[in-house]
Amino acid sequence: MSWLLEKVNGGLVRVFLIVVALFWLVPTIGLLASSLRSPEDMSANGWWHVFSKPSQLTFDSYRKLLENGDITHSLWNTVLITVPATILVVVIGALAGYAFAWMEFPGRDWWFLIVVSLLVVPVQVALIPIAELFGKVGLFGTILGVILFHVGFGLPFAVFLLRNFFAEIPRELLEAARLDGAGELRLFTRVVMPLGGPAIASLGIFQFLWVWNDMLVALVFTKSGTQPITVALQTQVRQFGNNVDVLAPGAFISMVIPLAVFFAFQRQFVTGVMAGAVK
Amino acid sequence: MASPTAAGVPGTPAASAPRKSVTGTRRTVAALFLLPALVLLGALVVYPIGYSLVRSFYNADGSGFAGFDNYKAIFTDDGIRTALKNNVIWVVFAPTVSTALGLIFAVLTERIRWGTAFKLVVFMPMAISMLAAGIIFRLVYDQDPDKGVANAVWVGVHDTFARSSAFPNAHPGRESPLKPEQGGFLTTAAVHTGRTVALPLVGVAPDQMPDGAKSAVAAKPDPGKITGTTWQDFTRGKGVGRLGAPDPSELGYDGMRIEAVKDGKVVASTKAAADGTFTLPATADGARLRLPASNFKQPYNGVDWLGPSLVTPAIIGSYVWMWAGFAMVLIAAGLAGVPRELLEAARVDGATEWQVFRKVTVPLLAPVLAVVTVTLMINVLKVFDLVYIIAPGSSQDDANVLALELYRKGFSEGQPGIASAIAVFLLLLVIPVMWFNVRRLRREERR
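Protein chains in written order, with this note's numbering: chain A, 20 to 298; chain B, -10 to 436.
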């Protein structure tokens, strides 16, 4: 009897999970299907009709989108912002993380506590002051400005994560390298950075996705020529309904890279997310 | 750090003096390593905090000291109060629902073979931008049940349980025996047994006719009863045919409700068959026939997800879609650390699965659940993109949240003073967490 009950319960759990999985998948499938239909079909009925009429499938929206100079330019801007912002956060964060982990200087603990306390500062606090500051120094509307902002707000987490990871490096390794005559910089590039690989990968992926997916910072600090794909699409959302043929493929293209990164580096991403809890 | 016996590998000689400089690094070198990070943090994070704090006490153009006026505005300005109220709703519901779902998913997938695939599906939205998620859910929440999948499902469920044959926009044609009455239609003359009645209407769109409707048939007279036909007296492409009499190309109003009314009271009622014919008993003799208004209601059109009253819950739904996976992954990691023996012991003692879950699993996971909920609360406090993208212009005021209001005040309404006050307010709300982080770190260092 209890065996039967367990069987039924197990079945119910499976059905429930399948329904949940559908809830999670259908919205994304809807976006993909919408992006593969013509605007005429889209205004006629729902995207699910594509399954009964596969002849509706068309790459026209994608072709038109990729012929649209503004969109391709903004996609390029996203790359121009994301790649340097990621590299800079990793390098600058690693330098500071190493200093906090293995160097002695006055007030080290206090400096590190300050960095940790900055982990949860909302970006909103900085929007107005930095907009004004960038305006004064000529960085407003530039890609460099956006990069700097992302680096600034990425650093507390980077320093926190890398310092904790570097601190676990066995002391003997560093001392041995030092005895071989390595200087501080050599120690950093030849011993610490290679050993920090896993943490650096997690941080890099986390920061990459964070910057790639950002809309708010770019919305404030870019202008028409420098805006990334998120902002370019955002301007289209204002007239939602008439331009699903731009929004759906645009959103999907903007998702391709993050999803590829996510599937390729799941484990590192999860590690980064777990370390970033309470960020 | 605070004490010289902090981290390091116990048992090795090195552990006695951990994290000291490997060999006395010069301070200038340490400063060079730290400089880039500290300069950027100072200029981009610390300076803005101070600036916002000062700015929040000055008026709109920054020319005069305003005292606490900007902070008062947060609690008196109608727009900001709506934002504040919505933020409370967000902070209460979004993290708890996400965490609860994450807990359920983590526990249920534990012993399922394809649990990993399931987790991947639920976790995936974490990788995409809030903008993309916003566009995805604009499509999901489309009001038209023929386009938005949420309403398509909702209407489908609704219609299964509340089946109704409706004939929206039906109305009498030329020379009709019917006249409008209270949203329905009433015959101008009384009906009598042994005679047939024709109740023709026009104007129902072909795709809204009931699926089962058949060619309309003229009713046969039946002594002692009233018989008749109600049908669409019009065929697309063929016109009216014989006016007032059913033609083979014309469809019967399958399921049309007909009432016989005598002295304002309903004495008999029936429903038309697929071919539009109907029969009423002798009690209806001398009554007038009415096609009540319920026949002509518009079809059920689903829920206005993005209308003023539902827009915030709808957007919270999209947030849960994005973040439940985050909660699930963290909780699953915590679950993996729960000692199996403890659960087994409880089961051996005769505890049901539910009791094991309630009395053993959840208490053991409490610290993880707290961290997840707090993390999501901080995240929710700053929610901006989803609201900005999903709420249509018409209901954006109703969906307003503090981060959005800050953006509007600061960058489109020329109110940097109030915007700064909102920023400081947001910062104050996360200070407990800041303090908690610092304390946790110091405790770990002292261990």
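Where is the CB? At the ideal position from N, CA and C, for every residue including glycine.
{"Item": "Hey, A340 (chain B) and A95 (chain B) are a contact pair by Cβ (cut 8 Å); roughly how many whole angstroms apart?", "Value": "Incorrect: roughly 19 Å between the Cβ atoms, too far for contact."}
{"Item": "Establish whether the CB of M423 (chain B) and some CB of chain A are separated by less than 7 Å.", "Value": "yes"}
{"Item": "Could you round the C-beta distance between P125 (chain A) and A116 (chain B) to whole angstroms and report it? I think they count as a contact, below 8 Å.", "Value": "With a Cβ gap of about 42 Å, P125 (chain A) and A116 (chain B) do not count as contacting."}
{"Item": "Report yes if the C-beta distance between A316 (chain B) and V361 (chain B) is below 7 Å; otherwise report no.", "Value": "yes"}
{"Item": "Using a C-beta to C-beta distance shorter than 7 Å, which residues of chain A count as neighbours of F107 (chain B)?", "Value": "L36 and A40"}
{"Item": "What does Y60 (chain B) reach in chain A if we use C-beta pairs closer than 8 Å?", "Value": "Here the premise fails: no neighbours, minimum Cβ distance about 15 Å."}
{"Item": "Along the alpha helix (DSSP H) that carries W343 (chain B), what are the first and last residues, could you check?", "Value": "E342 to V345"}
{"Item": "Can you grab the Cα-Cα spacing for the pair F288 (chain A) / L375 (chain B), in whole Å?", "Value": "22 Å"}
{"Item": "Within this structure, are the beta carbons of A380 (chain B) and A388 (chain B) separated by less than 7 Å?", "Value": "yes"}
{"Item": "How far does the beta strand (DSSP E) with V186 (chain B) in it reach, from first residue to last?", "Value": "T185 to L190"}
{"Item": "Measure the beta-carbon distance from T249 (chain A) to S273 (chain A) and round it to whole angstroms, keeping in mind my assumption that it falls under 8 Å.", "Value": "7 Å"}
{"Item": "Which of helix, strand or coil does DSSP assign to P73 (chain A)?", "Value": "helix"}
{"Item": "May I have the straight-line CA-CA distance separating A40 (chain A) from I63 (chain B), to the nearest angstrom?", "Value": "41 Å"}
{"Item": "Tell me, please, which residues DSSP counts as bridged to H160 (chain B).", "Value": "B:V191"}
{"Item": "Give the DSSP bridge partners of Y47 (chain B), in chain order.", "Value": "B:F54"}
{"Item": "Kindly list the residues whose CB is nearer than 6 Å to the CB of H169 (chain A), restricted to its own chain and excluding five residues on each side of it in sequence; keep chain order.", "Value": "A104 and V230"}
{"Item": "Quick one: what's got a C-beta closer than 8 Å to K371 (chain B)'s C-beta in the same chain, skipping five residues either side?", "Value": "A392 and L415"}
{"Item": "Could you give the residue range of the beta strand (DSSP E) that holds F437 (chain B)?", "Value": "Outside the modelled stretch of chain B, which goes from -10 to 436, sits residue 437 (chain B), for which no answer is possible."}
{"Item": "In whole angstroms, what separates the C-alpha of V297 (chain A) from that of P421 (chain B)?", "Value": "Here V297 (chain A) scores only 48 on pLDDT, less than 50, and its place in the model should not be relied on; the value that follows carries that caveat. Their Cα atoms are separated by approximately 12 Å."}
{"Item": "Report, in whole angstroms, the separation of the C-beta atoms of M293 (chain A) and L319 (chain B), which I expect to be a contact under 8 Å.", "Value": "6 Å"}
{"Item": "Pairs of beta-carbons, one from the segment 393 to 407 of chain B and one from the segment 323 to 336 of chain B, closer than 8 Å: are there three or more?", "Value": "no"}
{"Item": "Based on the DSSP secondary-structure assignment, which residues constitute the bridge partners of G217 (chain B)?", "Value": "B:V186 and B:F267"}
{"Item": "Against chain A, does S87 (chain B) count as a neighbour if the rule is that its beta carbon must be under 7 Å from one of theirs?", "Value": "no"}
{"Item": "Spatial neighbours of V256 (chain B) within its chain, please: CB distance less than 8 Å, with the 5 preceding and 5 following residues excluded, ordered by chain position.", "Value": "A249, V250, T272, A273 and A276"}
{"Item": "Look up E248 (chain B) in the DSSP assignment and say whether it is helix, strand or coil.", "Value": "strand"}
{"Item": "On the three-state DSSP scale, how would you describe V161 (chain A)?", "Value": "A small fix is needed here, since residue 161 (chain A) is Thr in this sequence, not Val. Of the three classes helix, strand and coil, the one that applies to T161 (chain A) here is coil, per DSSP."}
{"Item": "Measure the beta-carbon distance from D439 (chain B) to G213 (chain B) and round it to whole angstroms, keeping in mind my assumption that it falls under 8 Å.", "Value": "Since the first residue of chain B shown is -10 and the last is 436, residue 439 (chain B) is not available in this structure."}
{"Item": "Determine the chain A residues that contact G172 (chain B) at a beta-carbon separation under 8 Å, and present them in chain order.", "Value": "By Cβ distance, chain A contributes nothing, its closest Cβ being about 30 Å from G172 (chain B), past 8 Å."}
{"Item": "In whole angstroms, what is the alpha-carbon distance linking A334 (chain B) and V427 (chain B)?", "Value": "38 Å"}
{"Item": "So who's on the other strand from A257 (chain B), going by DSSP bridges?", "Value": "B:A249"}
{"Item": "Rounded to the nearest angstrom, what separates V363 (chain B) and V110 (chain B) at their Cα positions?", "Value": "24 Å"}
{"Item": "Is the beta carbon of I100 (chain A) less than 7 Å from the beta carbon of P247 (chain A)?", "Value": "yes"}
{"Item": "Return the residue from the list A:P268, A:Q285 and A:V263 that minimises the CA-CA distance to N64 (chain A).", "Value": "A:V263"}
{"Item": "Take Q171 (chain B) and list the residues in its own chain whose beta-carbon comes closer than 7 Å to its own, dropping the five residues that flank it on each side.", "Value": "A282"}
{"Item": "Is L97 (chain B) close to chain A? Criterion is C-beta to C-beta, closer than 7 Å.", "Value": "yes"}
{"Item": "Grouping DSSP H, G and I as helix and E and B as strand, with all else coil, what is P235 (chain B)?", "Value": "coil"}
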